[in-house]
Amino acid sequence: MFDALRRRKVPFVPQMEMTECGPACLTMVLRFHGCRVPLSKVRQECGSGRDGVSALVLKQAAARFGLETKAYRVHYSQLSDITLPAILHWQGYHYVVLECLTRRGAWIVDPASGRQLISLKTLEEHFSGVVLTFVPGTNFVPRNDYKISWRYYLNRLWEDRRLLFYILLTTFLMQAMGLLLPYFTYLAVDSVILARNLGLLPTIGIGMIGIAIVQGLTVYLKGVLTSRLQARISLTLSRDFISHMFSLPLGFFEQRSSGDLITRVNNIIIIREILSGSSVSVLLDGLLIITHGMFMLFISPSLTILAVAVGMIQMGLMLVLAPRIRNLTRQELSAQAEANSYLMEALRGMMLVKATGGDRKILETWNALLVKQVKWGMYRDRTRAILDGSLNSLRVSMPLVFLTLGTHEIVRGEQTLGMLLGFNALALAFMLHVTSLIGSLQQLQLLSSIVERLQDVLEAKPENTEKQPCTLQSTNVAIRFEGVTFSYNHYSSRILDGINLCINPGQKVALVGPTGSGKSTFVKLLLGLYLPTKGRILYGNVDLSQLDRTQLRQMIGVVLQESHLFHDTIARNIAFYRDIPRSQIEWAAKMALLHEEILKMPMGYDTLIGENGLTLSGGQRQRLAIARALAGRPSILLLDEATSNLDVATQGALEQNIRQLGITRIVVAHRLSTVIDADQIIVLNKGRIIEQGTHEELIRLGGFYAQLWGRQISTNVISEIT
5 MFDALRRRKV PFVPQMEMTE CGPACLTMVL RFHGCRVPLS KVRQECGSGR DGVSALVLKQ
65 AAARFGLETK AYRVHYSQLS DITLPAILHW QGYHYVVLEC LTRRGAWIVD PASGRQLISL
125 KTLEEHFSGV VLTFVPGTNF VPRNDYKISW RYYLNRLWED RRLLFYILLT TFLMQAMGLL
185 LPYFTYLAVD SVILARNLGL LPTIGIGMIG IAIVQGLTVY LKGVLTSRLQ ARISLTLSRD
245 FISHMFSLPL GFFEQRSSGD LITRVNNIII IREILSGSSV SVLLDGLLII THGMFMLFIS
305 PSLTILAVAV GMIQMGLMLV LAPRIRNLTR QELSAQAEAN SYLMEALRGM MLVKATGGDR
365 KILETWNALL VKQVKWGMYR DRTRAILDGS LNSLRVSMPL VFLTLGTHEI VRGEQTLGML
425 LGFNALALAF MLHVTSLIGS LQQLQLLSSI VERLQDVLEA KPENTEKQPC TLQSTNVAIR
485 FEGVTFSYNH YSSRILDGIN LCINPGQKVA LVGPTGSGKS TFVKLLLGLY LPTKGRILYG
545 NVDLSQLDRT QLRQMIGVVL QESHLFHDTI ARNIAFYRDI PRSQIEWAAK MALLHEEILK
605 MPMGYDTLIG ENGLTLSGGQ RQRLAIARAL AGRPSILLLD EATSNLDVAT QGALEQNIRQ
665 LGITRIVVAH RLSTVIDADQ IIVLNKGRII EQGTHEELIR LGGFYAQLWG RQISTNVISE
725 IT
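So the sequence shown is numbered by my numbering: it starts at 5 and just counts up by one.
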């Protein structure tokens, strides 16, 4: 059905987020046409958010890079007539790049799993029918903006240049001792055995013992120094990476799984080993290959040329197989992150897993992900085995070849037996250094795959970009929303639209509305977790975009729908790593009506709770979260469905305690009975404020809020009767 089309490989670009398969595919197409731009740039042009991107967005983004794009809805059998490479909509929720078609099947490049050959049946089953084709337009300009930044990592090495110098020095001494062994071999054969001069033997013996001692000491020193360098690199890289990651906005974490991020952090261990090992080896192996080659050339030019030719063959094998090894390494890292993420989610939801009897299904799914990871690792190791086997065959056979050819030179009187044995020793060391250099280059290739994943994090912009953010002179300020509109990117629909609102100090303001009306987004904007797309939010007279976010969040106590508790003591969960005295912790617990229950526990405030408070009831978890919010003495308290697990009496008493504090309270609620006393009730629907006023005013209005109140009252009456 399909004619074989000439295959030109599309550069593989892995997706770094769960929802950026579209931008990753567009990046591959751009690089295929000679426009080497970083994925982050394409992601920015696509406005990639939590919901991914549409085919229309990809088309518009491609146009900004100068590509003319056409979108078709076709049957899979018509794909042989389109311009390749093309982007296919895949399984209804994903994008892949179609590289070429053959009679055996289709070559696709999946940003989640890499390049693969699939059958035409698989193509028919997974292709959703939508295809995007691309050709360079008149405004298209090839460029090369994509480069992995090695400067950061080289700077980390340069900071420890003295330690690195000592490692280079000890390694060089160790290898220099090795260079003397062929010379002693030459002396032992020609000057002792053949000359029958035993008087020189003790000198040679003492010299070889000295070499062994010096080599042992240098190996020990190198190990100690390398360990110290690795520790320093690991500490520096880990601190920098984690510190930068914690400075990133919430949206960054919403689009990436925690397991993937943990995998990237763990990969720093590999980076430190490669930087401290392979980088040194590349320098020394290169130098020693030249040094050995010069000595070999002095003994036998013809055999040296042969040794260099074999070394070139080894390098050729490396160049041929390296791209496949690099691609398989990327796929293994991606599969590892996927398996880790799934396992972490399963462990976090263990109560649900046990309650629903989903153990076996969870294990089966995780096992499938693990098998996928192991499979890619096995494919990579198999390719490495081909390379290592070929290199080993050359390394083993070459001494025999040198011995055979060298024998002819001895017979012709061109060299002595001692010189031949010395040359063999030098040639063996030469081949070992070539092999070591190739291994180091392989490690550096692995490093490039890992650095690519870390660079995605390090290039992300921190949320506080102001060099000197403003601070509030007083935390008792009004909050104003002026024409605030928010959407996740410039292509997506508006989550909030034209919000105008003023919250005065000390007021209780309630947000109500149906699910998806924008209440949670409103809360995130208040906290500065998101910034408005249009309009502005003012705290006093300071724009949120210019405000010091650390100060802002210290003055706001927050209880979210899913407040996270840590596997630690109750006291530390309330203090939440703040320097708060025990008296203030106990005060907060009393305000949250939890103090008496804590005292009844065996260890009181030092009682350990399980991960996310698994040993506590739902009501206790919510009150502990409220105590944590109050412990910092906030001037604004933000409660997002914070009392949904409390009975009416407990909720009323808790509300009375909080009211006495006189602080600003912003409450998101579905249970309207909790907001009757609010100074303002804001009714949101489809991102807009549709009603605003007190409970009595909104009931008299007879609009959306009144209908919602009527339904809840009816439900409560029925519940009491039954």
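Glycine residues also receive a C-beta, built at the ideal position from the N, C-alpha and C atoms. Computed from a prediction, not measured in an experiment: that's the story for all the values here.
Nearest-angstrom beta carbon gap, residue j and residue i [assumed within contact, 8 angstroms]
i, j, result
"residue 3", "residue 638", "The structure shown does not extend to residue 3, since the chain is modelled only from 5 to 726, so the question has no answer here."
"residue 354", "residue 263", "So it is not a contact: roughly 16 angstroms between Cβ atoms."
"residue 338", "residue 18", "6 angstroms"
"residue 369", "residue 383", "Between residue 383 and residue 369 the Cβ distance is about 22 angstroms, and since that is not below 8 angstroms, they are no contact."
"residue 646", "residue 635", "The pair is not a contact, with the Cβ atoms about 15 angstroms apart (cut-off 8 angstroms)."
"residue 110", "residue 91", "The pair is not a contact, with the Cβ atoms about 13 angstroms apart (cut-off 8 angstroms)."
"residue 311", "residue 431", "5 angstroms"
"residue 44", "residue 463", "5 angstroms"
"residue 451", "residue 275", "6 angstroms"
"residue 540", "residue 548", "7 angstroms"
Nearest-angstrom Cα separation, counted from residue j out to residue i
i, j, result
"residue 319", "residue 313", "10 angstroms"
"residue 445", "residue 278", "10 angstroms"
"residue 486", "residue 537", "12 angstroms"
"residue 292", "residue 178", "11 angstroms"
"residue 89", "residue 33", "7 angstroms"
"residue 527", "residue 500", "11 angstroms"
"residue 42", "residue 438", "34 angstroms"
"residue 726", "residue 711", "Legend: pLDDT at residue 726 = 36, less than 50; position of this residue unreliable, value from coordinates given subsequently. Computed Cα separation, rounded: 23 angstroms."
"residue 578", "residue 631", "6 angstroms"
"residue 9", "residue 108", "Summary for residue 9: the model assigns pLDDT 45, below 50, so the residue's position carries little reliability, and this model does not support an answer."
"residue 342", "residue 668", "43 angstroms"
"residue 28", "residue 351", "30 angstroms"
"residue 481", "residue 246", "34 angstroms"
"residue 236", "residue 128", "53 angstroms"
"residue 659", "residue 63", "53 angstroms"
"residue 315", "residue 180", "21 angstroms"
"residue 250", "residue 144", "38 angstroms"
"residue 707", "residue 716", "15 angstroms"
"residue 206", "residue 297", "30 angstroms"
"residue 1", "residue 447", "Nothing about residue 1 can be read from this structure; the chain reaches only from 5 to 726."
"residue 644", "residue 557", "15 angstroms"
"residue 93", "residue 373", "23 angstroms"
Beta-carbon proximity check, residue i vs residue j, cutoff 8 angstroms
i, j, result
"residue 300", "residue 442", "no"
"residue 328", "residue 467", "no"
"residue 147", "residue 40", "yes"
"residue 693", "residue 670", "no"
"residue 425", "residue 189", "yes"
"residue 99", "residue 26", "yes"
"residue 679", "residue 514", "yes"
"residue 546", "residue 642", "no"
"residue 617", "residue 625", "yes"
"residue 366", "residue 357", "yes"
"residue 23", "residue 56", "yes"
"residue 434", "residue 288", "no"
"residue 259", "residue 21", "yes"
"residue 233", "residue 168", "yes"
"residue 344", "residue 267", "yes"
"residue 1", "residue 650", "A question about residue 1 goes unanswered here, because the residues of the chain that appear run from 5 up to 726."
"residue 229", "residue 157", "no"
"residue 709", "residue 695", "yes"
"residue 271", "residue 390", "no"
Own chain partners of residue i with C-beta closer than 8 angstroms, once the 5 adjacent residues on each side are dropped
i, result
"residue 427", "186, 300, 303, 304, 307, 406, 410, 419"
"residue 602", "574, 593, 608, 609, 611"
"residue 317", "398"
"residue 507", "482, 483, 484, 513, 668, 670, 684"
7 angstroms CB neighbourhood of residue i in its chain, flanking five on each side removed
i, result
"residue 502", "487, 489, 692"
"residue 413", "304, 419"
"residue 562", "531, 633, 642"
"residue 509", "480, 481, 482, 668"
"residue 223", "178"
"residue 655", "647, 678"
"residue 38", "146"
8 angstroms Cβ cutoff, residue i in contact with chain B
i, result
"residue 523", "The structure shown contains no chain B, having only a single protein chain."
Own chain residues within Cβ distance below 6 angstroms of residue i, not counting five before or after
i, result
"residue 103", "14, 89, 111, 113"
Three or more beta-carbon pairs under 8 angstroms between the region 60-78 and the region 124-141, yes or no? yes
So does the region 519-534 actually touch the region 682-693, counting three or more Cβ pairs closer than 8 angstroms? yes
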